[in-house]
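Here's the structure we're looking at; comments come further down.
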Amino acid sequence: MSRYINPYTDFGFKKLFGSELNKDLLIGFLNALLEEAKQLPDDEIIDLKYLNSEQLGRTKYDRKAVFDVLCQTEKGAKFHVEMQNVFQEFFIDRTIYYSTFPIQDMAKKDSVEEGRWNFELQRLYSVNILNFTFNDKNNDNKQNVNEISDDDLLHCVMLKNIKTNKIFSDKLVFIYLEMPKFNKTIEECKTFYDKWLFVLSNLTNLMERPKELQERVFKRLFEQAEIATFTIDEYNAYEESLKNYLDIANGMVAAEKRGVEKGRAEGIVTGEKQAKLAIACTLKLLGKMTIEEIAVATKLTVDEISKI
Numbered sequence: 195m196s197r198y199i200n201p202y203t204d205f206g207f208k209k210l211f212g213s214e215l216n217k218d219l220l221i222g223f224l225n226a227l228l229e230e231a232k233q234l235p236d237d238e239i240i241d242l243k244y245l246n247s248e249q250l251g252r253t254k255y256d257r258k259a260v261f262d263v264l265c266q267t268e269k270g271a272k273f274h275v276e277m278q279n280v281f282q283e284f285f286i287d288r289t290i291y292y293s294t295f296p297i298q299d300m301a302k303k304d305s306v307e308e309g310r311w312n313f314e315l316q317r318l319y320s321v322n323i324l325n326f327t328f329n330d331k332n333n334d335n336k337q338n339v340n341e342i343s344d345d346d347l348l349h350c351v352m353l354k355n356i357k358t359n360k361i362f363s364d365k366l367v368f369i370y371l372e373m374p375k376f377n378k379t380i381e382e383c384k385t386f387y388d389k390w391l392f393v394l395s396n397l398t399n400l401m402e403r404p405k406e407l408q409e410r411v412f413k414r415l416f417e418q419a420e421i422a423t424f425t426i427d428e429y430n431a432y433e434e435s436l437k438n439y440l441d442i443a444n445g446m447v448a449a450e451k452r453g454v455e456k457g458r459a460e461g462i463v464t465g466e467k468q469a470k471l472a473i474a475c476t477l478k479l480l481g482k483m484t485i486e487e488i489a490v491a492t493k494l495t496v497d498e499i500s501k502i
């Protein structure tokens, strides 16, 4: 039994980042992200308010968007923050489509009706925390994501002039975090950004707050994440959310197993490599060992284990 919730579950993510009670945690995370991506134009966030996370289409026939978290800062910039556990076909297109809902909502109703809106937009950030990598060999991706994949797990995307290579507009910012690429130990985490990524990657495997995370915001986070403090309703909701997450994880392991079996039939994966992959899958799913420890135990590379 874990002491702290899994932030990759729907309940866990919204418990930490999606409530007015814990908005200081979201502010801390977003400020660390803005600081790391120094080319982003917004200053430190002092306060924010949560917006309706369910955005409806203009007609009953249009698709709707349901965000994990949608909020607006005191200066007017909007953030929609999403946790994505499974790669979807046309995933990047989906993030672009979702960004159109808060953009359309920026027009003030009274100004539109009177024909006075001048189309000035506030800045919008689409923050996507990914529990997979763009270049995962299991991704049946129709988009050319290989061109944007590199060793860096943080990707910031804005409109730019291809000829001059200068930013054309900074009003729409897409941020993607490929979390499986994060492999730092807590001793290696020197910035708030690294510490936040460590917490997201390791929270459910920790039995106490590391001494390196003594800042007030992390003290609050560990207090809110402790399962023993939940009400009965919160505990039941988390258990249901965790079950859904594990169902997804088991499905991914099954898909990996089918891929290994196919590779073996084609003579690509040896019996020894198959056994190592199976052991690594089990150890990673149990969540009791770090990727580095699994690599030592199985003699696989960190990259191979990160892609499982």
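Using the numbering used here, read the sequence shown as starting at 195 and increasing by one per residue.
For each residue, glycine too, the CB sits at the ideal point set by N, CA and C.
> Does the Cβ of Ser435 have 16 or more other Cβ atoms within 10 Å, making it buried, or fewer, making it exposed?
Replying inline: buried
>> Pull the bridge partners of Gln266 from the DSSP assignment, please.
In response: Lys243 and Lys272
> Would Lys467 pass as a contact of Ile499 if the rule is Cβ separation under 8 Å?
Replying inline: no
>> Per DSSP, what are the beta-bridge partners of Ser320 in this structure?
In response: His274 and Phe368
> Run through DSSP, which three-state label would Glu409 get?
Replying inline: coil
>> So, with DSSP's three-state summary, where would you put Leu494?
In response: coil
>> Looking only at its chain, what residues have a beta carbon closer than 7 Å to the beta carbon of Val275, apart from the 5 residues adjacent to it on each side?
In response: Phe211, Asp262, Val263 and Val321
> When DSSP builds the beta bridges, which residues end up paired with Glu402?
Replying inline: Per DSSP, none; premise fails for Glu402.
> Since Ile240 contacts Glu268 with CB under 8 Å, what's their CB separation in whole angstroms?
Replying inline: 6 Å
> Bridge partners of Cys350, per DSSP?
Replying inline: Ile369
> Can you name the residues that DSSP bridges to Ser363?
Replying inline: Leu353
>> Using C-beta distances below 8 Å, list every residue in its chain close to Met277, excluding the 5 sequence neighbours before and after it, in chain order.
In response: Pro201, Tyr202, Asp204, Phe207, Asp262, Ile323 and Asn325
> Leaving out five residues before and five after Tyr439 in sequence, what residues of the same chain have Cβ atoms less than 8 Å from its Cβ?
Replying inline: Asn200, Tyr202, Thr203, Asp204 and Asn279
>> Closer than 8 Å is the cut-off here; do at least three beta carbon pairs connect the stretch 348-358 with the stretch 403-415?
In response: no
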